[in-house]
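S.K.:
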Amino acid sequence: MRASSLVRPALIVVLVVVVLVSALWLLQRRLVFLPDTAHPGPAAQTIPGARDVTLHTADGLALNAWLVPPTGADRELTVLVAPGNAGNRAGRATIAQSLAARGFTVLLMDYRGYGGNPGSPSEAGLALDARAAYRHLVDVENKRPDRLIYFGESLGGAVVTGLAAEHPPAGLLLRSPFTDLAATAAEHYPFLPVRLLLRDRFPVAEQIAGVVVPTAVVYGTEDSVVPAEQSLAVAKAAGGAVEITPVEGADHNDAVLFEGGELMAAVDRLADRIEGEP
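Number 225 in my numbering belongs to position 240 of the sequence shown; there are no gaps in the numbering.
This is the structure:
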């Protein structure tokens, strides 16, 4: 009787654990990807002079994106902006406008499942979306690969690092990058075997070791989502010359890390390095 009374609670605990692990396996992408699925409307309605473009992925999706022309003196460099895991391109309009004011052409993309786009996000899917953005710039807009800057915000940093490993740009800027998705997940769910459970990996530190272009890493010193130590580890792993810009006191979603002066100045300096200016 005593043994039986002990076994029954143990079985319940095992069943609860199995149910929780199964739920996390099936639903984990809802925790990683937080899209605003609403279509933000025509580009010019949000950013004067911008136009809507369509990115065609290798698996047959047509994705909406915005192309923003420079409003400052044209630097003849194009910035491909890959957003983080939440929202849609409308929330990055100020980033595009700030870059355009500095003389950059900007392609502001949205991933599958974001901003009225078809499909569901995944690591493999976002890689296809980034390749479609690259192909659009090179094949449709006639932009030279050696005049492209990849700008990745958080999760977008993982996306453009993977793209840079396949199609090297002129320069790479990563804002609040993580070393890999599991490392960040472990910070928030230390009680779970996240490396065994995760379906998407995004191995930024591993991939960036093979990227030898000029690189900039910008991060907030008080980042509560991606620890500053991870962004510094990515910078240390980079194969190219790296400039590091810590934004003192900034948390992950603070406005200063979206279009603040220190972030934009880092893009300017990266462009200067590309141009060979002191």
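Glycine residues also receive a C-beta, built at the ideal position from the N, C-alpha and C atoms.
Which runs of the alpha helix (DSSP H) spanning at least 4 residues fall entirely within the region 39 to 126, listed in chain order?
M.R.: Taking only runs of at least 4 residues, the alpha helix (DSSP H) segments lying wholly in the region 39 to 126 are 78 to 86 and 108 to 120.
S.K.: Tell me which residue opens and which closes the alpha helix (DSSP H) that residue 258 is part of.
M.R.: 246 to 260 is the span of the alpha helix (DSSP H), which, as asked, contains residue 258.
S.K.: Residue 228 lies in the beta strand (DSSP E); which residues open and close that run?
M.R.: 227 to 232 is the span of the beta strand (DSSP E), which, as asked, contains residue 228.
S.K.: Taking residue 259 as the reference, give the member of 131, 52 and 123 with the closest Cα.
M.R.: Checking every option, the nearest Cα to that of residue 259 belongs to 131.
S.K.: Taking only the alpha-carbon atoms, compute the straight-line gap between residue 42 and residue 63 and give it to the nearest angstrom.
M.R.: So the alpha carbons of these two residues sit roughly 20 Å apart.
S.K.: Is it true that the region 117 to 129 meets the region 191 to 206, where meeting means three or more beta-carbon pairs spaced less than 8 Å apart?
M.R.: Short answer: they don't touch.
S.K.: Return the Cβ separation of residue 163 and residue 215 in integer angstroms, given the expectation that the two are a contact with Cβ distance under 8 Å.
M.R.: Contact holds; Cβ gap of about 5 Å.
S.K.: Going by DSSP in three states, residue 19 sits in which element: helix, strand or coil?
M.R.: If DSSP states are grouped into helix, strand and coil, residue 19 belongs with the strands.
S.K.: Here's a check: name, in chain order, each residue in its chain whose Cβ is nearer than 7 Å to the Cβ of residue 218, leaving out the five neighbours to either side.
M.R.: So the qualifying residues of the chain are 164 and 190.
S.K.: Kindly indicate the opening and closing residues of the beta strand (DSSP E) around residue 160.
M.R.: Taken as a continuous stretch (DSSP letters only), the beta strand (DSSP E) holding residue 160 covers 156 to 160.
S.K.: Which word fits residue 139, buried or exposed, when buried means at least 16 other C-beta atoms lie within 10 angstroms of its C-beta?
M.R.: Result: buried.
S.K.: What ranges does the beta strand (DSSP E) occupy inside the region 183 to 225, keeping only unbroken runs of at least 3 residues that lie completely in it?
M.R.: List check, beta strand (DSSP E) in window: 200 to 205.
S.K.: Can you name the residues that DSSP bridges to residue 135?
M.R.: Note: residue 135 sits in a beta bridge opposite 65 and 157.
S.K.: Between the Cα of residue 203 and the Cα atoms of 184, 40, 72 and 248, which residue gives the shortest distance?
M.R.: That would be 248, whose Cα lies nearest to the Cα of residue 203.
S.K.: Relative to the C-alpha of residue 154, which candidate in 118, 24 and 40 has its C-alpha closest?
M.R.: Comparing Cα-Cα distances from residue 154 to each of 118, 24 and 40, the minimum goes to 118.
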